[in-house]
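Trainee: Using our numbering, the first residue of the sequence shown is number 481, and each one after it goes up by one. Think of the CB as a built atom: it goes at the ideal place given N, C-alpha and C, for glycine as much as any other residue.
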Amino acid sequence: MTEGQETFNYFYPTSVMETGHDILRAWVARMMMIGYFSTNKTPFKTIFLHGMVRDSKGQKMSKSKGNVIDPILMIDKYGADALRATLIFGIKEGGDVSLSEERVIGMRNFINKVWNIGRFIEINIKDQKLKIKNTDKKSKILKELEKEYKKEKKQYLKYMDSYQFSKALGLVYEFIWHRFADHYIEQLKDEVISGNIEALRSLREVYLENLKMLHPFIPFVTEVVWKVFNSGSILKSSL
481 MTEGQETFNY FYPTSVMETG HDILRAWVAR MMMIGYFSTN KTPFKTIFLH GMVRDSKGQK
541 MSKSKGNVID PILMIDKYGA DALRATLIFG IKEGGDVSLS EERVIGMRNF INKVWNIGRF
601 IEINIKDQKL KIKNTDKKSK ILKELEKEYK KEKKQYLKYM DSYQFSKALG LVYEFIWHRF
661 ADHYIEQLKD EVISGNIEAL RSLREVYLEN LKMLHPFIPF VTEVVWKVFN SGSILKSSL
């Protein structure tokens, strides 16, 4: 078997074909027919369609209209993660994306929130509290946090398995910002600062698990933050 044949056999057939809905008939259907005709195997089992990127008013972007948003400029100003997540967040699968700079800024702010949560936890770990023998019993609020996280994770996996990526990202977004940060960290902040080891352990564990869930959407920042707490890549960990 030649190297080319080995490569072909490795990649063909594949599991998922991701493409735009505008070329479903013109390109994807032909790939399916030619692939099956040539090999007697369908080239892919699942087709995942994405929509078109439009301006904030839902209009097609064009230079003549002057409504083109330069992705390179958005990346330079707000980061690749912010743009990447914006193109997924709040968008129905297969639906068009109404893109605006304000939406990218909003996602940049969320990523900053994720970063700052990590800094808070990391600063409190630095004094080696986690090396102290744990004598704290889990409080009611920590049990609530654990229960809510398990529910979040279960729903997240369901969304990801069914290719509902926008809902998966939205779920983690809501949990981190409005539950984890605004509720649990605020409730536990004084305990963590005063040396409640169990509270710090629980916050760290739930935070790192949420980094894993965010990684498909925000790969660069989550990888950097992960390495602050762990050796090795976040890709080598599993949910």
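(1) Are Tyr664 and Leu625 closer than 7 Å when you measure CB to CB?
(2) What is the residue span of the beta strand (DSSP E) that Leu529 lies within?
(3) Roughly how many angstroms lie between the CA atoms of Glu498 and Lys627, to the nearest whole one?
(4) Could you spell out the range, first to last residue, of the beta strand (DSSP E) harbouring Thr494?
(5) Buried or exposed: where does Asn676 fall if 16 or more other Cβ atoms within 10 Å of its Cβ makes it buried?
(6) The alpha helix (DSSP H) spanning Phe600 covers which residue range?
(7) Considering only residues of the region 656–689, which uninterrupted alpha helix (DSSP H) runs meet the minimum length of 4 residues and lie entirely inside it, listed in chain order?
(8) Going by other Cβ atoms of all chains shown within 10 Å of its Cβ, with 16 needed for buried, is Lys633 buried or exposed?
(9) Who does Ser578 pair with in a DSSP beta bridge?
(10) Measuring alpha carbon to alpha carbon, tell me which residue in Phe709, Ile591, Leu637 and Asp662 is nearest Met693.
(11) Considering only the alpha carbon of each residue, which of Leu563, Ala560, Gly575 and Glu486 lies closest to Phe528?
(12) Report all residues from its chain with a CB closer than 6 Å to the CB of Lys545; omit the five preceding and five following residues, and keep chain order.
(13) Where DSSP assigns a beta bridge to Lys540, which residues make up the other side?
(14) In whole angstroms, what is the alpha-carbon distance linking Leu504 and Thr526?
(15) Between the Cα of Ala509 and those of Ser495, Phe524, Asn520 and Asn547, spot the shortest distance and give me the residue it belongs to.
(16) Report the option in Pro493, Tyr492, Leu567 and Lys572 whose CA atom is closest to the CA atom of Gln644.
(17) Report yes if the CB atom of Tyr558 is closer than 7 Å to the CB atom of Arg583, and no otherwise.
(18) Determine the extent of the alpha helix (DSSP H) in which Gln635 is found, giving its start and end residues.
(19) Looking at Trp706 and Ile698, is the spacing between their C-beta atoms short of 7 Å?
(20) Looking at the unbroken alpha helix (DSSP H) that takes in Ala506, where does it start and where does it end?
(21) Excluding the 5 residues flanking Asp446 on each side, which residues of the same chain have their C-beta closer than 8 Å to its C-beta?
(22) From the DSSP output, in three-state form, read off Asn489 for me.
(23) Alpha helix (DSSP H) containing Asp561: first to last residue?
(24) Would you kindly work out how many angstroms separate the C-alpha atoms of Ile552 and Met541, rounded to a whole number?
Mentor: Let's see:
(1) yes
(2) Phe524 to His530
(3) Approximately 35 Å, taken between the alpha carbons.
(4) Unbroken beta strand (DSSP E) run through Thr494: Thr494 to Gly500.
(5) buried
(6) Glu581 to Ile605 is the span of the alpha helix (DSSP H), which, as asked, contains Phe600.
(7) Under the rule that a run must span 4 or more residues, the alpha helix (DSSP H) segments found entirely inside the region 656–689 read 666–674.
(8) buried
(9) Arg534
(10) Leu637
(11) Gly575
(12) none
(13) Arg534
(14) Here the alpha carbons of Thr526 and Leu504 stand approximately 13 Å from one another.
(15) Closest by C-alpha distance to Ala509, out of Ser495, Phe524, Asn520 and Asn547, is Phe524.
(16) Lys572
(17) Between Tyr558 and Arg583, the gap from beta carbon to beta carbon reaches 7 Å or more.
(18) Lys620 to Asp641 is the extent of the alpha helix (DSSP H) around Gln635.
(19) no
(20) From DSSP, Ala506 is part of no alpha helix (DSSP H); its letter is neither H nor E.
(21) Residue coverage of the chain in this structure runs from 481 to 719, which leaves residue 446 outside it and unanswerable.
(22) helix
(23) Ala560 to Thr566
(24) 15 Å
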